[in-house]
Structure formats: C-alpha cells, structure tokens
Amino acid sequence: MDIRKLKELVRLMVENDLSELDLKDKEETVTVKRGGSGGAPVVYAAPVAAAAPVAATAPVAAPAAAAAAAVVALPAIESPMVGTFYLSAGPDKPPFVSIGSTVGPDTTVCLIEAMKIFNEIKAETSGTVEAVLVKSGQPVEFGQPLFRIRPS
443 MDIRKLKELV RLMVENDLSE LDLKDKEETV TVKRGGSGGA PVVYAAPVAA AAPVAATAPV
503 AAPAAAAAAA VVALPAIESP MVGTFYLSAG PDKPPFVSIG STVGPDTTVC LIEAMKIFNE
563 IKAETSGTVE AVLVKSGQPV EFGQPLFRIR PS
C-alpha cells in the first residue's frame, strides 16, 4: 500500500474518532487500529494470495511485521451486529475467554449489547484464541473482527 494512502486512512481515523478501520479490495487487506489512549495507530496488513509485490521494509521491522501479519492472517470471530462489546458478564466477573483460551463452536466468547439486550456471541469454530482485538466496553460494528483464532 502506498504510504500516502496509509496516511490518509490514519487522518480519516483521527478526524472521525474511529478506533479501527478495515479496508479490503481484490489486491490487499489493511486493518488500522488505534489504542484508547490516543496513541499512534497500529497497522496490520495481510495481502491476498494474488497481491502485487510490496516494497521491502527495513530489516529491523521485518520480524515484528511478520508476526503481526501471521496473527492477522488467522481466521477472525466477527461481530454479527452493531453494539457494545463486553469480555465478561459483569465488571467483577472473569472474561469469557483470553489469549491462549481453547474454544469450541458453542463456547461463548463475549457479549454484545444491542438495544439494551445482551447477546451471547459463540466462537462457531474450534481453536485457540491468539488475539483479542477489542477492549471491553468499546462499540463494535457489524462484521468487525473481535478475536483471531488459531484453528485446532
């Protein structure tokens, strides 16, 4: 991806107070996330198999980029609705899952509150939780990745 396009995406995130932005086209997939503390955005890019070659990056960043790309390439549990994301049933309750948790198709991984109704979200797959992509209490959009799962 061209650096100008990436800077434009970051500018749009800041101007519209977005915490995450997913961009997908035939050639590449880009996910840009911004931490809740107003820190610099974190960018993950996962090229599709038929993507055009990407310019080489600095050798120091290669291992970190490879690790980030490996996690982004994992299947995601996506939000089935717009609402507020919760990792646990209450503030004093343990999270449903955390990084390293083993899940099955019927495992509840989180709650999404929509229109004052708490909806249990199931993993719908078997594997190990490799990444939790949303903080508890944050708003989520339809189709937004919530977790990355390493299939078992």
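Counting in my numbering, the sequence shown runs from 443 upward without gaps.
Glycine included, every Cβ here is placed at the ideal spot set by N, Cα and C.
Just so we're clear, the structure is a prediction, and the values are computed from it rather than from any experiment.
Around the beta carbon of residue 456, a 10 Å sphere encloses fewer than 16 other beta carbons of the protein chains shown; the residue is thus reported as exposed. In the DSSP assignment, residue 569 is bridged to 545, 593. C-alpha of residue 465 to C-alpha of residue 564: approximately 25 Å in a straight line. Residue pairing from DSSP places residue 530 in a beta bridge opposite 537. Here the alpha carbons of residue 583 and residue 474 stand approximately 15 Å from one another.
Assignment of residue 452 by DSSP, reduced to helix, strand and coil, places it in the helix class. Rounded to whole angstroms, the separation of the alpha carbons of residue 532 and residue 571 is 21 Å. With contacts defined as CB atoms closer than 7 Å, residue 554 and residue 589 fail to qualify as a contacting pair.
Check the Cα spacing between residue 551 and each of 516, 540, 558: the tightest is with 540.
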